[in-house]
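The next block holds one structure in the form of structure tokens; read it before the comments.
4 protein chains.
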Amino acid sequence: MEATTTIRVRYQETDQMGIVYHTNYIVWFEIGRTEWLRQSGATYKELENLGVLLPVTNVDCKYHASARYDDECIISTTVESFTPARMKFFYQILRKSDGKLLAEGHTEHCFLTKEGKIVRLQKAAPQIAQIIAESSM
Amino acid sequence: MEATTTIRVRYQETDQMGIVYHTNYIVWFEIGRTEWLRQSGATYKELENLGVLLPVTNVDCKYHASARYDDECIISTTVESFTPARMKFFYQILRKSDGKLLAEGHTEHCFLTKEGKIVRLQKAAPQIAQIIAESSM
Amino acid sequence: MEATTTIRVRYQETDQMGIVYHTNYIVWFEIGRTEWLRQSGATYKELENLGVLLPVTNVDCKYHASARYDDECIISTTVESFTPARMKFFYQILRKSDGKLLAEGHTEHCFLTKEGKIVRLQKAAPQIAQIIAESSM
Amino acid sequence: MEATTTIRVRYQETDQMGIVYHTNYIVWFEIGRTEWLRQSGATYKELENLGVLLPVTNVDCKYHASARYDDECIISTTVESFTPARMKFFYQILRKSDGKLLAEGHTEHCFLTKEGKIVRLQKAAPQIAQIIAESSM
Numbered sequence: 001m002e003a004t005t006t007i008r009v010r011y012q013e014t015d016q017m018g019i020v021y022h023t024n025y026i027v028w029f030e031i032g033r034t035e036w037l038r039q040s041g042a043t044y045k046e047l048e049n050l051g052v053l054l055p056v057t058n059v060d061c062k063y064h065a066s067a068r069y070d071d072e073c074i075i076s077t078t079v080e081s082f083t084p085a086r087m088k089f090f091y092q093i094l095r096k097s098d099g100k101l102l103a104e105g106h107t108e109h110c111f112l113t114k115e116g117k118i119v120r121l122q123k124a125a126p127q128i129a130q131i132i133a134e135s136s137m
Numbered sequence: 001m002e003a004t005t006t007i008r009v010r011y012q013e014t015d016q017m018g019i020v021y022h023t024n025y026i027v028w029f030e031i032g033r034t035e036w037l038r039q040s041g042a043t044y045k046e047l048e049n050l051g052v053l054l055p056v057t058n059v060d061c062k063y064h065a066s067a068r069y070d071d072e073c074i075i076s077t078t079v080e081s082f083t084p085a086r087m088k089f090f091y092q093i094l095r096k097s098d099g100k101l102l103a104e105g106h107t108e109h110c111f112l113t114k115e116g117k118i119v120r121l122q123k124a125a126p127q128i129a130q131i132i133a134e135s136s137m
Numbered sequence: 001m002e003a004t005t006t007i008r009v010r011y012q013e014t015d016q017m018g019i020v021y022h023t024n025y026i027v028w029f030e031i032g033r034t035e036w037l038r039q040s041g042a043t044y045k046e047l048e049n050l051g052v053l054l055p056v057t058n059v060d061c062k063y064h065a066s067a068r069y070d071d072e073c074i075i076s077t078t079v080e081s082f083t084p085a086r087m088k089f090f091y092q093i094l095r096k097s098d099g100k101l102l103a104e105g106h107t108e109h110c111f112l113t114k115e116g117k118i119v120r121l122q123k124a125a126p127q128i129a130q131i132i133a134e135s136s137m
Numbered sequence: 001m002e003a004t005t006t007i008r009v010r011y012q013e014t015d016q017m018g019i020v021y022h023t024n025y026i027v028w029f030e031i032g033r034t035e036w037l038r039q040s041g042a043t044y045k046e047l048e049n050l051g052v053l054l055p056v057t058n059v060d061c062k063y064h065a066s067a068r069y070d071d072e073c074i075i076s077t078t079v080e081s082f083t084p085a086r087m088k089f090f091y092q093i094l095r096k097s098d099g100k101l102l103a104e105g106h107t108e109h110c111f112l113t114k115e116g117k118i119v120r121l122q123k124a125a126p127q128i129a130q131i132i133a134e135s136s137m
């Protein structure tokens, strides 16, 4: 499953180069995976309510072109891998007006209890694990 | 007591006007009150460990001149009022190179338990209440 | 004219109290005035392209209740005053699910050239001045 | 040359997991390279004044442990490669109290004119190119 969602660039997200400051694309990745989960049928909020956190363990981002203030950007999110203890998302950020690819990257996550212990999602939240497994295919 | 501390403007804090985005001064206010508490002898971290939160209930800020990337700025913080249930800070942001006043404002706070109930600081954290009372004079 | 727009709280906007960090409401004010201008028929981008900046000279915000991660919030924006050299916006942030008022405040702006000189909007961008005047009524 | 600088975690940088939100480490990388340049004898501000921008073309970050509010963190920065048209930094973020490695990663940059054209640093800013070449060894 690919989830897409659209955001509009905030003035606050620009920097003095006149373009979006580079870490904001990675904040948009967070919006992307939130929407991927919602569109799969689960929500990240539910997951946290069940006591499971999804901290980022790795991130990478490659920048191709710049978003500018007030641009609408499409965040496209897919799951690259989903194992009992980890999951990895892939994102592309596209300018809506012309479809140009602006940035792309990955985040990797482990499943953690609120006490900071690694947990298998299948054990901690079996229904959500099932939903994610099906949507990841 | 007046507490002063110095920060250096991050590129991330600028916007496409080429100056610091306006809400960052209010983030610097947060640094100011953290340092005021530290210099008084308490810390905000201790306060939270005792179960007391200090959420912002009001903020105002007046902008006089702009900070720019890499500028060093001085945050000057004083307590304007301290009552059993509330406290109010006053801040001034000055450019270090020439002492120019860039922005000034206030934040007001109540004392809250982690469950979201209003609490008297004197009751919840009497030692810290004492320290703040003395340093506020 | 009242302009409304909806945002969804990002994880990045929360803090360790488990609620939205207070300056983010003021970033949402920026989204509010961007949308007010768009709905009036002008855009802030056009204004900047005509060489007119709208820096914030004053901000205040009063916090009533907290937004949380993934909440949808409505930003309602109106113009409180519009004079040849200045304008003032009023904002309310409401939780979408129950309409509860979370925060409200103002920003004041002057009209500035890119060289930092105060300018009358009527002179620098007469068509946009006309649009704003009509929509402010 | 290795440049080190220390920052203190802001409340604003935490999220509802009670730890620093992951993109902030990458903002700290920016502080790291700013300080590396300063300690080498150049400054990024000078570079921009000479018309050269250093946009990020790639970033990666690996997270090992979490920084928390009010922690002091050391940013250690080195240059991994410096070619006529590109440069790559390597960063480590360490907790000051016990030296624990919290995160590490890289940023890659090209040299760009303000008009967005790729430029050789040696040509656009020969003195700074010389300083960077010597400090990179």
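Residue numbers (full-length UniProt numbering), protein chains in the order written: chain A, 1 to 137; chain B, 1 to 137; chain C, 1 to 137; chain D, 1 to 137.
Quick reminder that beta carbons are idealized off the backbone N, C-alpha and C, glycines included.
Within chain B, the residues that residue i reaches when beta carbons sit closer than 9 Å
{"i": "Asp70/D", "result": "Thr34, Arg38, Thr43, Tyr44 and Lys45"}
{"i": "Leu53/C", "result": "Met17"}
Beta carbon of residue i nearer than 8 Å to that of residue j
{"i": "Thr57/C", "j": "His109/C", "result": "yes"}
{"i": "Tyr44/D", "j": "Leu37/D", "result": "yes"}
{"i": "Ile75/B", "j": "Gly32/B", "result": "yes"}
{"i": "Thr77/D", "j": "Ala3/D", "result": "yes"}
{"i": "Asp70/D", "j": "Arg95/D", "result": "no"}
{"i": "Leu53/C", "j": "Leu102/C", "result": "no"}
{"i": "residue 140/C", "j": "Val20/C", "result": "Lying before the first or after the last residue shown, residue 140/C is absent from chain C, which here runs from 1 to 137."}
{"i": "Ala42/B", "j": "Ile132/B", "result": "yes"}
{"i": "Cys61/A", "j": "Tyr11/A", "result": "no"}
{"i": "residue 165/C", "j": "Ser136/C", "result": "Shown here, chain C extends from 1 to 137; a query on residue 165/C therefore has no answer."}
{"i": "Gln39/C", "j": "Met1/C", "result": "yes"}
Exposed unless 16 or more other CB atoms sit within 10 angstroms - verdict on residue i
{"i": "Leu121/A", "result": "buried"}
{"i": "Thr6/A", "result": "exposed"}
{"i": "Thr107/C", "result": "buried"}
{"i": "Thr14/B", "result": "buried"}
{"i": "His22/B", "result": "buried"}
{"i": "Gln16/B", "result": "buried"}
{"i": "Gln127/C", "result": "exposed"}
{"i": "Ala85/A", "result": "exposed"}
{"i": "Glu30/C", "result": "buried"}
{"i": "Gly99/D", "result": "exposed"}
Beta strand (DSSP E) segment containing residue i, residue limits
{"i": "Lys62/C", "result": "Val56 to Tyr63"}
{"i": "Arg86/A", "result": "Arg86 to Arg95"}
{"i": "Glu108/D", "result": "Leu101 to Cys110"}
{"i": "Thr6/A", "result": "Ala3 to Arg8"}
Partner residues on chain B for residue i, Cβ-Cβ distance less than 7 Å
{"i": "Thr14/A", "result": "Asp15 and Gln16"}
Run of the alpha helix (DSSP H) containing residue i, from where it starts to where it stops
{"i": "Glu134/D", "result": "Pro126 to Ser136"}
{"i": "Leu50/C", "result": "No alpha helix (DSSP H) holds Leu50/C; DSSP gives it neither H nor E."}
{"i": "Glu80/B", "result": "Looking at the DSSP string, Glu80/B is not in any alpha helix (DSSP H); the run it does join, the beta strand (DSSP E), is Glu72 to Phe82."}
{"i": "Ile31/B", "result": "Thr23 to Ser40"}
Partners in chain C for residue i, counting only beta-carbon separations shorter than 8 Å
{"i": "Val27/B", "result": "Thr23"}
Residue i: contacting residues in chain D (beta-carbon distance under 8 Å)
{"i": "Ile132/B", "result": "Here the premise fails: no neighbours, minimum Cβ distance about 17 Å."}
{"i": "Lys62/A", "result": "Thr57 and Asn58"}
Contact set between residue i and chain C, taken where Cβ atoms lie within less than 7 Å
{"i": "Arg10/A", "result": "Val27, Glu30 and Ile31"}
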